Structure formats: structure tokens, C-alpha cells
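Each remark here refers to the structure printed beneath this line.
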Amino acid sequence: MAIIFNGKKKTFSLHTSGTTYQLKIGNLNYVKHLYYGPRILDEDLIYLIRRYDRGFSGNPYDSLKERTFSLDAQPQEFTTQQQGDFRINSIEVRNSNGSYSFDGRYISHRIYPGPFTLSGLPTAFASENDTVETLELVIEDAITKVQVTLLYSVFEEADIIMRAARVRNAGDGTIWLERIMSLNMDYLNGLNLDLISLPGRYGQERQVERQRLTHHVHKIRSGRGISSHQQNPFVALVDRSADENYGSCYGFALMYSGSFLAEVELDQYDQARLVMGINDRLFNYPVEPGGEFDTPAVLMTYTHDGLTQMSHHFHDFFRNNLNRSKFVRDVRRPVLINTWEAAFFDFDDVKLVEIAKAARDMGVEMIVMDDGWFGKRNDDNSGLGDWYVNEKKIRCGLTELVRQINELGMKFGIWFEPEMVSEDSDLFRAHPDWAMEIPGRHAVRSRNQLALDMGRKEVQDYVIESVNRILDSANIYYVKWDINRAITDLWSNALPAELQGEVSHRYVLGLYRVMDGIIKTHPDIMFEGCAGGGGRFDPAMLTYFVQYWSSDNTKPLDNLKLHYGSSFLYPLCTMGAHVSSASPMVPLETKAAIAMGGTFGYELDATKLKKSAIRTCRKMSDLYQKYYNLNFFGDYYRLVNPFEKVNLVAWECVAKDRSEALVTVVTVNLTVNGPQEYIKCRGLDPDRFYRIRGDGEELTATGAALMHAGIPIPREIPDFTAFQYHLEAVERVSR
Ligand code: DGJ
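Counted from 1, the sequence shown has number 66 at position 67 by numbering that gives the first Met the number 0; the numbering is strictly sequential.
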């Protein structure tokens, strides 16, 4: 059993295979958080909490003048509001009488098999061999009858706990949620914790930052209506001494694609508190009597074996528990060529067929027709929203074009940007009120386009219907779903003034409904997400998309950093990565080796490549096919941190049974006559010999030697050379 309730001690112990999370119904029925860490017995850890009279930290009235009981100094599962806890909080509610207070005490709980689901929001599911149990624990404010149900689904084998909160208004007047977090996580001592996050910008997503917790509130957030290029909805709190191999690491990933917030506070007593959920900025949600509000889910994991193990927990979970598409595991994803950097808007049906013909010889299996095929879309100023084929460009029609591509033995993919509208479009001319624009003002333009009000049902229905019509009109194998601006001008013409605080969240809920109506109804189509690159690459999106376009920056050396940063949370098989014409000084082989650090494909004009380049691409596509299982399903190890001043960068994928591995090394700055460099492998079986090929020399060594002494990397070679060392287990060491 994953969840054990001890009725006598009133403790709940949530066990995964390697961890225990404990909470307790404590004094005055406040729910205390006691422990999250390596697995322990179901012992009551209340002894950890010592109580003192803490000056200026108030005491609940019914603690009866007991001055040592203060919520300001106690670890809690979810916070109160205005009950003497002055730290960051998980709920801010304006009650029907105008007061701001919430005093949540335990009233009930239930435990059941399987994970929870949420209304209109994606959650993780139990895969075949998972043991999953859920605890729902209800706290209630006795005066206002506002209830918060704390939801915990324990994925035992995966070492993951999924959490969320559900607010129910059991009172008789409308309440207003001004802030409602998915999770509150208290630490008894946070002084030795570092905060890791993945900040970035357009073209440079998911870089890595690690900072010491100090006595203030650290905020990781997006207010852009999308999870954003600037921050990813992920944080880790790790021991100051934690590295890739050792140390306590707590990882948290929010399953939400809109504006989000993670706050961490180190308090006056060196306790730490993390809250994570929907960004409370421009958020104000009414809940009617009898109504409910669900927060998005957070996935959390713990390990005391360092950052790699934390990432492996997420990688395995993302591969097994988020997306039921057959393209996750059962059907190989084809090598694709995308037309964007090859032609931008300047293509027609003839050009597409020419690119496909040339690409076939590169080992490419699918051509993706990017932006520019619809409406009057000859540049990025017009056409968005008009999802019908531009027959001036695709003169033969879409069905016929796809037939011609299929006849070449290739599959066909297509691009959409369903959430957007151009002012110069038939859609906007017919429904100007569907765009987000604040009355009396002009909307902020971005890439000369406006966002549709995705919270409106008629808008959702239009998008579902118009995109599905195209998908059903031809033999389409793949869709790239893009969004190319942040969301501003939060206003819905369909809502009265007092409900405008719902618009941002409604957009996200509407988007999920639209994706359900398009993606879930087309199980034979492979969907890739995109937001001007990786601007909405988040765990919720991965419940729909099997992969996500990592960045519009296809420079291979920048991608070394991008892959490294993304790998803290995301498995390699979710990161779209292409070989392009950017950075001509980097050889094609190296570009391809780096793109294999993602899902691999091409983004160039194949008709302009020399024969020798076509042959090289063919060789690299074949290698991608050869290493597909290793890269997609193996364990990923970060070997060298590209954010440090290094001479080479390296990473490794090891098969789950440790029978083979692929170590990729890229030289970035080998100094003349410099020292011999070695790359130490990880995750191998120490007691097996591995045969290694990759730099012209063949050698055999034990896993132990390769992990502790390493592979010597050739010197006196040009910068930007890639070696792909394939390690094959040959025999066991006999002792
Ligand atoms: C942004 C994407 O990231 C690009 O790959 C491309 O699809 C363009 N949008 C098209 O407008």
C-alpha cells in the first residue's frame, strides 16, 4: 500500500519505493507537514516539531492563550490566511462578506486506488505496471465553509507524487479566489538549500541557474499567458552540496501552460516554504455556492542520489505516464525535414515536391510544410485564422500534394497556429470581437497578430472544426502546433466586467479543450508543439504533444546548452532538434550528433545541398535510426556542463539493461598542445567489458574502468568535431 493512515497517531505516510512523505492531523486539527525524504517506517515524526514562544508570531484564538502554538513557526500542508502566519501563502480568498481570511482545519479524508483527475486540466495516468493510490484530504473554514481538498496521487514505483488542490464553496455566498496554489511545501530547515530553475529568452530557452536561498522571497514566474521562454514551470530545491551523483534533490514540475508562479521563502527561523501554481497576477476567480475550482497538478519527486537521479525520475515518468499516443513508444517517429528555414513563406507545391525528392536521399521520411500554406499568408502580416488552403501556392490542392509526397514514399506533415488571428484575415473581418482587445484600446500587436479569446466556446468550436477539416482532407501524418506571441490584453467580450479576472485561466482551459477536440480525436497523427521555439514547453503540453520544438535557435553550439538545461526535466525524446544551415563552420556530422541529443530532423533546403552533403546526411540519418532506442528510451547522463568554461561537451545514453551506451563528445575549444582530456562514463555495469568504437580506435574496457578512468579523447583535431562512442557490452568480468 502506498498510503498508510495511522488512525491512532493521525498520520498519513505516503510511500513511493524510495521516499516517504508524511503529514499529520495536529493540534486544533491543523494539518502539519512532517517529512519528505528517503523512505522510512510509518513512525510518527511529530517529535521533530519543537514549540517555543515566538515573539510577534500570533496564536490561534482557540489555542487558549498557549503562546507556543503559532502557525508562523509550524510546517503546514497548506496555508491559512490571516491566522498569524506571515509567510508566503497558498490561498488568498475574499469571502462573501468581503473579509480576507481562511482558517482551514481537517474535516475528512478518503483514500482510493488510481490517480486523481481534474476538471478541464491534464493529469498523469497510471501505466500498466504502476501502483497508484490517492489521498484526498479536506480542510474547511468553519465560519465561511470554504473547503480545500488536498489531492495526492502516489506513483509508487516511479517515485513521483502528483498534487493539486480543489476549492469548494460550501457556504451560501460567492467567494473570490485571488490566489490559489497547487502545492505548499514546507521544510524544517532550508538554510542549506539551493534553488535551481530554467530561465531563458526567445532563442535561448531553459538555461540553468542555481542560487542559494537567502532570507527573502524568490520568485520564478511567467505572466505571459504561456509558460514562456523566460522561465519553465520547474524548480528544484537541492542540498548545497548536491551534484549529479550525490545529495538530496527535490524536483517540482507544474502541469500548466499559462502564467504560473513558484515562490520560495526562507523565513526568520531558516525554515523554507515553496508554493507553486497559477500566477495570481491578473487572476481573480469567483466560486459560486456549491461550485468548485481545481488547480493544475504539480509533479514532485525526491532523491538523495543527486541531480541525475532526479532527472531520471521525471524522464521515466514523462515517457510512461503523460501521453498515451502510440508515437511515444510503439511507433517510431520518422526523420523529418521542415520547410521553414529552407523557404520561409516562399514555396509552392512544386518546390515542396522537389525538397521531398532531394530529402529522400538524405534518409528523410517525412516533409513538414510549415507556415504559409493557408489563407493569404505570404508573410507574417496576414492570414492567421483562415485555415483553408491557399491555392495560389498549393495549386494542385492539399489532397493531391500529399498524394504526390506519399508516392515518393514519404509522409506529410503540416503547420498550424490555431490560437491566433491576423487583423488582415477573413476570420477577423467576420469576428473582430473574437480577438483579445480591451474596450476602448488598441490591442498590443506582436508579430503583427492578435490572440483569439480561447475561453469562448464558439471560438473553440471554430478552431476545432476548421483545423479538423484540413486534417481530415488529406493523408496527414504529423502536425506542428505553433503559437508566436505572448498573451496580453486580457479581456473577453463574452464576460461581464466582474468576471474579467477569469480570462487568463479560461484561455488555458479553452486551449486544452481545443487540443482534446483535435489531438485526442486524431490518434493516428503525431503532434509536435511549438511556441516560437520552446516558449510553452511544459509537462501539461507533453500530455498532448509527443515532442516539442526546443528553440528557433538551430545553432548547434547553442543547442548544447539548450539540451543540457532541458534535460533537468525533459527526456531527450521530447526535445525537437534539427540540423540546419546555421553555423556553417560546424561540420554536418557534428550538427547531426548534436541534433541526436533531441528528436532529430532537418531544417534546410535539401535541393541546395551538394551530393557529398546528401551522402553525409544519409549516413547520419541511418545513425539516428540505429541509436533510436538508446536515445529515446535509455537513461540520459549529463557528463560535462556546457555552461562552464570547458574544452569539450559530452553526454551519454545508457540502455536500461546496460548492454549498450552512446557517449557523444563535441570539441568546442581544444587548446594547442593542451592536456589529454578524458570523459568518464556513467551508469554502466562495472562488472562487464564494453567494446568501444567511435574515434577510429577500437578498445575494450570494463564499465568500472570507463566510469572511473574514462575514455581518452583524441587531441590535435579541429574544434567542433563530434565523436559518437558506441559502447557494447561483450562479456562479464570473471572474478
Ligand atoms: C515559429 C517556429 O518556431 C518556427 O519553427 C516556424 O514554425 C515559425 N514560427 C513559422 O511562423
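Where a beta carbon is used, it is the ideal one built from N, C-alpha and C, also for glycine. Nothing here was measured: the structure is a model prediction, and the numbers come from that model.
- Looking at the DSSP output, Y477 sits in a beta bridge with G412 and M525.
- Under the DSSP assignment, V349 falls in the alpha helix (DSSP H) whose first and last residues are D348 to R359.
- The count of Cβ pairs closer than 8 Å, one atom from the segment 43-62 and one from the segment 193-207, stays below three, leaving the stretches out of contact.
- In terms of side-chain proximity, the C-beta atom of N483 is found nearer than 7 Å to a non-hydrogen atom of ligand 1.
- Using a Cβ-Cβ distance cut-off of 8 Å, the segment 92-110 and the segment 160-180 are in contact, since at least three pairs of beta carbons, one from each stretch, lie closer than that value.
- Distance between E406 and M161, taken at the CA atoms: about 46 Å.
- One thing to note: C680 has its Cβ within 8 Å of the Cβ of A660.
- Residue pairing by DSSP places F373 opposite V388 in a beta bridge.
- Apart from the 5 residues on each side of it in sequence, L136 sits with its Cβ closer than 6 Å to the Cβ of H108 and L149 in its chain, given in chain order.
- Collapsing the DSSP output to three states places R86 in coil.
- Within its own chain, the residues whose Cβ lies closer than 6 Å to the Cβ of L508, once the five positions on either side in sequence are excluded, are G119, listed in chain order.
- Note that the C-beta distance between P570 and R318 is below 8 Å.
- For the pair N337 and H577, the CB atoms are nearer than the 8 Å cut-off.
- By the criterion of a C-beta distance shorter than 7 Å, E418 is surrounded in its chain by A450, L451, M453, I482 and L510, once the five residues flanking it on both sides are discounted.
- Short note on W414: C-beta closer than 7 Å to some heavy atom of ligand 1.
- N278 is a Cβ neighbour of F259, given a cutoff of 8 Å.
- Here I3 is bridged, per DSSP, to S12.
- Beyond the five residues adjoining it in sequence on each side, C652 comes within less than 6 Å, by CB distance, of L629, N630, G633, Y635 and L661 in the same chain, given in chain order.
- Per DSSP, F251 lies in no alpha helix (DSSP H); the unbroken beta strand (DSSP E) holding it starts and ends at C248 to L253.
- Residue side-chain check: G531 places its Cβ nearer than 7 Å to a non-hydrogen atom of ligand 1.
- Under the three-state reduction of DSSP output, R220 falls in the strand class.
- It is roughly 11 Å from the alpha-carbon of N646 to the alpha-carbon of R714.
- Judged by their CB atoms, L197 and G564 are nearer to each other than the 8 Å cut-off.
- Straight through space, the alpha carbons of G500 and Y284 are spaced by roughly 6 Å.
- By alpha-carbon distance to C248, the top candidate from R211, A493, Y301 and S226 is Y301.
- Rounded to the nearest angstrom, the gap between the Cα atoms of A592 and F411 is 25 Å.
- The three-state secondary structure of M299, taken from DSSP, is strand.
- Residue state for C395 is assigned as coil, using DSSP reduced to three classes.
- Taking C-alpha positions only, R223 is separated from K607 by approximately 39 Å.
- DSSP places I24 in no alpha helix (DSSP H) but in the uninterrupted beta strand (DSSP E) bounded by T18 to I24.
- In the DSSP secondary-structure assignment, M275 is bridged to L182 and A261.
- Between G189 and D269, the C-beta gap is smaller than 8 Å, which places the two residues in contact.
- Around the beta-carbon of L63, fewer than 16 other beta-carbon atoms lie within 10 Å, marking it exposed.
- W480 has its Cβ no nearer than 7 Å to any heavy atom of ligand 1.
- Taking a 10 Å sphere around the C-beta of D158, we find 16 or more other C-beta atoms and assign the residue as buried.
- Considering only Y151, T520 and N380, the residue with the shortest C-alpha distance to R468 is T520.
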